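The working numbering applies: residue 698 is where the sequence shown begins, and numbers increase by one.
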Amino acid sequence: MSCALERWHAICEERNPAALDTLIAENAVFFSPVVYTPQAGKAKVIGYLKAAAEILFNDSFRYVRELRGTDEAMLEFTVTIEGIEVNGIDLIRWNMNQEITEFRVWLRPLKGLQIVQQLMATKLSAQRHPAQKAQ
């Protein structure tokens, strides 16, 4: 089985968030830069990561630095959204089964964070209420 981090990079490069189902652990937790409480459980983590992928995975998205440990990594990225250059950090931890167990995100500058927050709210609402999306 390939390393969880290699699988994460493949998902990002291929723009394939559908592959998250085999990468995220059942007990995974997502820590958002704007939501106060941790989002626990595989379904919630996948929901947040899929919404983020729709927003962030454009042609400008790049990981520019990586610090890697045996079961965790820090990935710094840049992306331009609505004309604003956003810098971020993904802190990812995984278990012995090479499944992601924790995903933390930091974003800057404030204006970029606010844009991402607005776009994420729209995407997450559409996930929760798919019938409204079709209208």
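Backbone N, C-alpha and C define an ideal beta-carbon position, used for all residues, glycine too. This structure is a prediction, so every number in the text was calculated from the model and none was measured.
Three-state class that DSSP yields for residue i in the structure shown
i	result
D768	coil
L717	helix
R712	coil
G785	strand
E796	coil
E779	coil
Exposure of residue i, with buried meaning 16 or more beta-carbon neighbours within 10 Å
i	result
K808	exposed
S729	buried
M793	exposed
Distance CB(residue i)-CB(residue j) smaller than 7 Å
i	j	result
I781	I812	yes
K739	E723	yes
I752	L717	no
Beta-bridge pairing of residue i - partner residues as DSSP gives them
i	result
V802	D787
Hey, which unbroken runs of the alpha helix (DSSP H) at 4 residues or more fall wholly within the region 715-766? Complete alpha helix (DSSP H) runs here, min 4: 739-753.
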